[in-house]
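Peer 1: As given, the protein sequences belong to chains A and B, one line each in that order. Take our numbering: the last position of the first sequence gets the number 322, and nothing is skipped along the way. Take our numbering: the last position of the second sequence gets the number 366, and nothing is skipped along the way. Where is the CB? At the ideal position from N, CA and C, for every residue including glycine.
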Amino acid sequence: MIRAEQVNKYFYAPHEIHALKDASLHVASGEVVVILGPSGSGKSTFLRCLNRLEYAESGTISIDGADVLDPKANINTIRAEAGMVFQSFNLFPHKTVLENLTMAQMSVRKRSKAEADEKGMMLLKKVGISEKFNVYPNQLSGGQQQRVAIARSLAMDPKVILFDEPTSALDPEMVGEVLDVMKSLANEGMTMVVVTHEMGFAREVADRVIFMDAGRVIEEGTPEAFFNHPKNERTQTFLNQIL
Amino acid sequence: MSLYPGLDAPRTKAYTTIWTGIFFIGLILGMAGLYTATKSVDYVWRWYQVPDYFYYLDTIETVSEIDGMISGIETKDGATLVTVKNPGETETYTLPTESLLAAKGDFIYAGDPIGSQKKWRPGLLLYGLWITLKASFLAIILALVIGILTGLMRISDNPALKWTAITYIELVRGSPLLVQLMIWYFVIGTLVNRLVMDLGFSKIPTLWFGILSLAIFTGAYTAEIVRAGVQSVNVGQMEAARSLGMSYFEAMRKVIMPQAINRILPALAGQFISLIKDSSLLGVISVRELTKITREVVTSSLQPFELWIVCAALYLVLTFGFSLLVQRLETRAM
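1. If you measure from the CB of A:E244, is any heavy atom of the ligand NAD nearer than 7 Å?
2. By DSSP, does B:V342 sit in helix, in strand, or in coil?
3. Please classify B:V262 as buried or exposed, where buried requires at least 16 other C-beta atoms within 10 Å of its C-beta.
4. Cα-Cα, which of B:I105, B:D40 and B:L156 is closest to B:Y85?
5. Got a sec: is the Cβ-Cβ distance from A:F90 to anything in chain B below 8 Å?
6. Sort B:A344, B:L165, B:Y253 and B:T52 by Cα distance to B:Q16 and report the nearest one.
7. Which residue comes first and which comes last in the beta strand (DSSP E) that contains A:N87?
8. Residues of chain B with CB closer than 9 Å to the CB of A:R158, please, in chain order.
9. Let me confirm a value: A:K88 is counted as buried when at least 16 other C-beta atoms fall within 10 Å, else exposed. Which label applies?
10. Determine the extent of the beta strand (DSSP E) in which B:W455 is found, giving its start and end residues.
11. With a Cβ-Cβ cutoff of 8 Å, do A:N169 and B:A283 count as a contact?
12. Within a Cβ cutoff of 6 Å, which residues of the same chain sit near A:R131, ignoring the five residues on either side of it in sequence?
13. In three-state DSSP terms, what is B:S103?
14. Classify B:Q81 as buried or exposed, calling it buried when 16 or more other Cβ atoms lie within 10 Å of its own Cβ.
15. Closest to B:W26 by C-alpha separation, out of B:P83, B:P237, B:L322 and B:G251, would be which residue?
16. Would you mind reading off the limits of the beta strand (DSSP E) that contains A:I96?
17. In chain A, which residues lie less than 9 Å from B:M290 when you measure between Cβ atoms?
18. Please list, in chain order, all residues of the same chain as B:W216 whose beta carbon is under 6 Å from its beta carbon, the five residues on each side excluded.
19. Measure the C-alpha to C-alpha separation of B:S333 and B:K309 and round it to an integer number of angstroms.
20. Output, in chain order, the set of chain B residues within a Cβ distance shorter than 7 Å of A:S167.
21. For A:F90, I'd like the list of residues in its chain whose CB is within less than 6 Å of its CB, leaving aside the five on either flank, ordered along the chain.
22. In the DSSP assignment, what are the bridge partners of B:A135?
23. On the criterion of 16 or more Cβ atoms from any shown chain inside 10 Å, does A:M269 qualify as buried, or is it exposed?
24. So, A:L249 versus A:G222, is the Cβ gap smaller than 8 Å?
25. Kindly list, in the order they appear in chain A, the residues whose Cβ is closer than 7 Å to that of B:V329.
26. What are the start and end residues of the beta strand (DSSP E) that includes B:Y125?
27. Output the distance between the C-alpha atoms of B:K136 and B:Y75, rounded to the nearest integer angstrom.
28. Does the CB of B:E271 have a neighbour CB from chain A at under 8 Å?
29. State the DSSP-derived secondary structure class of A:T139, mapped to helix, strand or coil.
30. Identify every run of the beta strand (DSSP E) within the segment 158 to 182 of chain A, keeping only runs that are complete inside it and at least 3 residues long; order them along the chain.
31. Is B:G147 helix, strand or coil by DSSP?
32. Chain B partners of A:I269, CB-CB under 8 Å?
33. By DSSP, does B:G58 sit in helix, in strand, or in coil?
34. Between B:L127 and B:A142, how many whole angstroms is the CB-CB distance? I'm expecting something under 8 Å.
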């Protein structure tokens, strides 16, 4: 589903940083891959490179066979297949919850309003906030907002969803409700790439865990192998500090 | 201090009452001072003349153009047909029945009135107000369009668009509106009208050059306000919209712009209120807007005090009305 090979990314402002160093990632259809790593390790950057929210300088990235880095590719159609859930939700504050879900359905997927509304309500029910369809996002709690954001990306029927630290901005007691939604998605066979600090989620739901440090992918394996028998020394220190 | 309530002890009731009283005393003293000052320069206030410049009763006379005898008066559908006849020619005039002055068989000379009627007509100040309103309204619409387009060009990464926007903004903001008006009317106006007439069309009215220069002047400021508004919307909004597959322009139109416009509404209102007031400069290119009309009326009536005060009050009505309108938009948009 996703193939990223030897991806390099630099940031030039305020000073040059080599953010990704030959990072590679393969995600098969239906697989849940969790990317772990200390802050500044490039895990969010890597995720954002996958749907070209950041333009990688070299390497190859393809989503469902479409070359993301090809300047001639229609990036909008590629992005419509790769949903994204952000740390800060990024719901559209001037639109109601339901409108947040239907806007892109109508303009990108060319669905009728009735069709989009129906799909939107169905997804709101799925994430458990269908009664709030007519309120504005700022009237919702953080956990509710993030569930709406997940429903918004699901509304496009994406082939894969990228999660960029979806629970990091939430109060501790709201983390659970968002993780539950993500777990049920994983159980339904959705392809997911998740950048997170939730070790419990990684251990329980991930098919594969990837560990990054200083822009490199330094360890990769099943959660079982990763958490219980880490090979790399850096991984061991990381796990010692957080577990 | 009311910005930071709770930092100081609350004000007592007496404090509020005393200082409110002082405000009104100051206001009354100021007005009384102005009044006595005008007394001492022997100015005679004639407020009763002012309404005439808004609406006045005009006398319209129907005048015979030939010498002759009134040979017939007929009434048809509420109008009266008067026929004047002499050996050589016959003329027929139509006038309202109640305004008739002549009778059948009267002998009249050319220039004699056959009938006289009175009609209410809008006065000069009202005409000037209308022109100011029209020029401001059209210029505001045009400035908004120019401002949004240029604002978006300004943040584009296309060098041609970006530098066009920067050049335009810096050029327009760098010279006085009065000078720009002169250039629009005397330089560009002359060239364009020359060209238009060579092509066989009629001249473009002066008002249009006035509206265009106002719009282009205000458009430059609007562009910077729009740019600031767009940049104030969190980058995450654009990322969210784009990651759903929307194109740049779609995301701009449906996600960024609605939020930006909402935030810049107060600043835009200020800019457009300036435009309404700046329209008073159009008088220098002989557009008969409110200020120029007031100047004309002052010259003929010799009542500058009343008329200039009225002129200012009329601008206040326009600008205050506009800001009420924007306030409504603001509360509705929230």
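Peer 2: Straight from the coordinates:
1. With respect to small molecules bound, the structure shown includes none, and the ligand NAD cannot be examined in it.
2. helix
3. buried
4. B:L156
5. no
6. Residue coverage of chain B in this structure runs from 33 to 366, which leaves residue 16 of chain B outside it and unanswerable.
7. I81 to F90
8. R274, S275, L276, G277 and M278
9. buried
10. Outside the displayed span of chain B (33 to 366) sits residue 455 of chain B, for which this structure offers no information.
11. no
12. V147 and I154
13. strand
14. exposed
15. Residue 26 of chain B falls outside the range modelled here, since chain B spans only 33 to 366, and no answer is possible.
16. I96 to V106
17. A quick correction: the sequence has Pro, not Met, at residue 290 of chain B. Neighbours of B:P290 on chain A, chain order: F171, H173 and K174.
18. F241 and S245
19. 24 Å
20. G268
21. I96 and A98
22. B:A135 is not bridged to any residue.
23. buried
24. yes
25. Correct list: empty, because the minimum Cβ distance to chain A is about 48 Å.
26. T122 to P128
27. 52 Å
28. yes
29. strand
30. 161 to 164
31. strand
32. Rather than Ile, the amino acid found at residue 269 of chain A in this sequence is Met. Per Cβ cutoff of 8 Å: no residues; A:M269 is ~16 Å from chain B at best.
33. helix
34. Not quite, the Cβ-Cβ distance comes to about 17 Å (not below 8 Å), so this is no contact.
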